[in-house]
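Notes for the one structure printed next.
Protein chains in written order, with the working numbering: chain A, 659 to 775; chain B, 659 to 775.
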């Protein structure tokens, strides 16, 4: 997974646990694609300060994921749901006669994993 | 939602963010159904100390949910996936001719909500 995409995904899950300033910088840097220099100017701080704040924020997000593992878990589910949708479509076009049974297995497996979570 | 079930669900998501002692007490009290007195004896602390630790742990779990809202979000998804499964079964028994279309809508809606998350 690309670093950019990974940070955005972690931020979607855990962003509200960061400080307001960390959230601002992450959104501007990763969301709006501003440069470190542009953010520094906007907040009247050094480029190094922006860099350090971003690094700390990324570390914090990474630590939450290490502990909770929710991004990993729900990314896997996301792919399973995509697969289920694909199987229904293939069943409907006659390409996958077992498609509905496979879809049910996938959905049952998601529910089962959640109960064990 | 019953308090007991709610705490267990919050603990499933955010438990690893609690201190080790908080985790121990929650598991013994909510998971193994020990009494405050039994936990107090086992850890050689007062019944009041067990009570206070549990309350603080519950507050912490509640605060994480207020900020992140993941339990609420994924409980809703869980019910949607159950509904999707039910619809496929009804389609297969001829009770719901639109079942597959409805299932696809539900699954697409889950994927869409996640992208916007």
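Every residue, glycine too, gets a C-beta built ideally from N, C-alpha and C.
Buried or exposed: residue i, going by 16 or more other Cβ atoms within 10 Å of its Cβ?
i                      : result
residue 765 of chain A : buried
residue 711 of chain A : buried
residue 719 of chain A : buried
residue 769 of chain B : exposed
residue 716 of chain B : buried
residue 753 of chain A : exposed
residue 724 of chain B : exposed
residue 741 of chain A : exposed
residue 669 of chain A : buried
Taking 8 Å as the limit between beta carbons, can you name the residues of its chain near residue i, skipping five residues before and five after?
i                      : result
residue 733 of chain A : 667
residue 755 of chain A : 749
residue 662 of chain A : 688
residue 665 of chain A : 684, 688, 716, 719
residue 767 of chain A : 738
One question on the structure: do residue i and residue j come within less than 8 Å of each other, judged by their Cβ atoms?
i                      : j                      : result
residue 729 of chain A : residue 671 of chain A : yes
residue 758 of chain B : residue 700 of chain A : no
residue 674 of chain A : residue 743 of chain B : no
residue 746 of chain A : residue 677 of chain B : no
residue 737 of chain A : residue 736 of chain B : no
Which residues in the same chain have their Cβ closer than 6 Å to the Cβ of residue i, if we skip the five residues on either side of it in sequence?
i                      : result
residue 695 of chain B : 705
residue 659 of chain B : Summary for residue 659 of chain B: the model assigns pLDDT 45, below 50, so the residue's position carries little reliability, and this model does not support an answer.
residue 686 of chain B : 692, 697
Can you name, in chain order, every residue of its own chain whose Cβ lies under 7 Å from the Cβ of residue i, other than the five neighbours on each side?
i                      : result
residue 722 of chain A : 672, 675
residue 708 of chain B : 683, 694, 697, 698
residue 679 of chain B : 711
residue 681 of chain A : 673
residue 763 of chain B : none
Check your understanding: Unbroken beta strand (DSSP E) runs of length 3 or more, entirely within the stretch 694–754 of chain B: which are they?
Key -> As summarised for the stretch 694–754 of chain B, there are no continuous beta strand (DSSP E) elements at least 3 residues long confined to that stretch.
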